[in-house]
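Enquirer: Next up is a structure, given as structure tokens.
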Amino acid sequence: MAKEQENNGNGSSSLLVELPLREAAEGFELEKAICSHGLFMLAPNHWDPISRSFSRPLRLTSPPLTVTVRISQPPTSSSSTLYLRVYGASSLSPPHRHSLLNQVSRMLRLSESEENKVREFRSIVEALHGEEEATEYLRSFSGRVFRSPTLFEDMVKCILLCNCQAPPTFYRFSRTLSMAKALCELQFEIQHQISSSKAAEDDFIPKTPAGKESKRKLRVSKVSMRLESKFTESKVDNSVSDLQLSQEPLDFVGMGSFPSPEELANLDESFLAKRCNLGYRASRILKLAQGVVQGNIQLTQLEEDCKETSFSSYDKLSQRLRQIDGFGPFTCANVLMCMGFYHVIPADSETIRHLKQVHSKSCTVQTVGRDVELIYAKYAPFQFLAYWAEMWHFYGQRFGKLSELPVSDYKLMTASNMKNKKIATRKRSKTSAEE
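If you number the sequence shown the way the numbering used here does, the last residue is 433 and the count never jumps.
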């Protein structure tokens, strides 16, 4: 893995880290791997359709370090390496480099087990359909479904999808988009407040004995309690950023990374609900974060247990997830899909719309589970991949190539627009004209 340092002309540096694709090199396309699920549209993710690169902040561990990473693929068909341009650090320690590569690999599903699933799914599609023109979308589907760099972020975003019917549903996707963005803006405010507090402590010359002065020091756990007044009094100065984003890429000025369990666990529920427009989801997200911080929810163990993607392990993991407040069948199925289980299709009202519109299947909430099993059973154990390839294909037909949509058009991806092509086209044209 090669690495080089580059000065960006404004006093900051970036590093170029190479990520070998290894087994995934054959046929891998970054654009398809990223733009394969609506999660890629949610902050702090940013896909640039012009440069065909993907950027976002990442939290590296041991010790904590937040950087912005831009991922790109060399424009050669034989490329077996991804380029990771790292901003906000002049060097990376071995633990930081390891954390970086692990998180990028998780997002793009670049593990050996995921590669085996991709190949097996393609083999099933080839055996069933051969060169049928009508199912070309199945052969062109990458077999990789984009996910977040951490399981915690996936779980929170699956909560954001609830009753907003966003990807995989897209009914009120604009609400999900705004909630994800607000959480990342809140993380920036929290980090900015912590940095300001630390700076104030460093500059403060104590006039009282050390024992008494220690009681006056600000604790990180109390920072969130002051954010409400900070939020109502004034906006955060966007010219100050611990991510050092005055350089390229500029997509994240004023926006932090996705908040960690530790940053969320001590927040006031009413403040979180109001600040990020979360509604009842605030309680569920807080309880999830608190469960992780308190050790009641072991994310590392959950990820370890999902390495065996058998039906029995799915059932066990589903039972454990169902014990988390707010994790019903739909949320659990989405989280488990993110964890690599593809034999269960998270079904909701958008699934019903799709089956009616594409398969002329008159189904209901009571029958949709049975209906999807019948339609996609031949792709077992990858029923979700076939369903999602089909769904994603029809979204592309209605809205245009999804990887080429401007960010401003993401909010147009609604169920009502899926039903009316003329409305979707007219709204998309109007949005583009306004830009």
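Backbone N, C-alpha and C fix where the C-beta goes; we use that ideal spot for every residue, glycine too.
(1) Determine which residues share a DSSP beta bridge with His44 and list them.
(2) Alpha carbon to alpha carbon, how far is Phe186 from Glu348? Give it in angstroms, no decimals.
(3) Residue range of the beta strand (DSSP E) that Arg142 falls in?
(4) Could you tell me whether the stretch 397 to 412 touches the stretch 133 to 153, using the rule of 3 or more Cβ pairs below 8 Å?
(5) If you scan the stretch 298 to 346 from start to end, which runs of the alpha helix (DSSP H) of 4 or more residues do you find wholly inside it?
(6) Skipping 5 residues on each side, what residues in its chain have a beta carbon closer than 6 Å to that of Ile295?
(7) I need the DSSP call for Glu16, collapsed to helix, strand or coil.
(8) Exposed or buried, what is Gln189 when buried is set at 16 or more other beta-carbons lying within 10 Å of its beta-carbon?
(9) How is Arg170 classed by DSSP in three states: helix, strand or coil?
(10) Using 10 angstroms around the beta-carbon of Tyr374, count the other beta-carbons present and answer buried if the total reaches 16, otherwise exposed.
(11) Can you find the residues in the same chain that come closer than 8 Å, C-beta to C-beta, to Ala387, ignoring five residues on each side of it along the sequence?
(12) Below 6 Å, is the gap between the Cβ of Gln185 and the nearest heavy atom of the ligand GDP?
(13) What is the rounded straight-line gap between the Cα of Gly141 and the Cα of Ser12?
(14) Helix, strand or coil, according to DSSP, for Val221 in the structure here?
(15) Should Leu181 and Pro257 be called a contact, given that it needs their Cβ atoms to be closer than 7 Å?
(16) Taking C-alpha atoms, which residue in Arg173, Gly252, Ala263 lies nearest to Cys274?
(17) Three-state secondary structure (DSSP) at Leu383?
(18) Just confirm the distance between the C-beta atoms of Tyr377 and Ile122, as a whole number of angstroms; I'd bet it's less than 8 Å.
(19) Candidates Leu400, Leu383, Met416, His391: which alpha carbon is nearest Phe119's?
(20) Roughly how many angstroms lie between the CA atoms of Val238 and Glu183, to the nearest whole one?
Expert: Quick answer:
(1) Residue pairing by DSSP places His44 opposite Ser53 in a beta bridge.
(2) 34 Å
(3) Run containing Arg142: none; DSSP gives neither H nor E here.
(4) no
(5) 309 to 320, 327 to 336
(6) The answer, listed in chain order, is Gly289.
(7) strand
(8) Gln189 should be labelled buried.
(9) coil
(10) buried
(11) Tyr135, Leu136, Phe139
(12) For the ligand GDP, the structure offers nothing, since it holds no ligand at all.
(13) 32 Å
(14) Any reading at Val221 needs caution, since the residue's pLDDT is 47, under 50, leaving its predicted position unreliable; the model's value is listed next. Val221: helix per DSSP, three-state reduction.
(15) Cβ distance < 7 Å, so Leu181 and Pro257 count as in contact.
(16) Selected option, being the one with the closest Cα: Arg173.
(17) helix
(18) 6 Å
(19) It is Leu383 whose Cα lies nearest to the Cα of Phe119.
(20) Here Val238 scores only 33 on pLDDT, less than 50, and its place in the model should not be relied on; the value that follows carries that caveat. Each residue's Cα considered, the two are about 13 Å apart.
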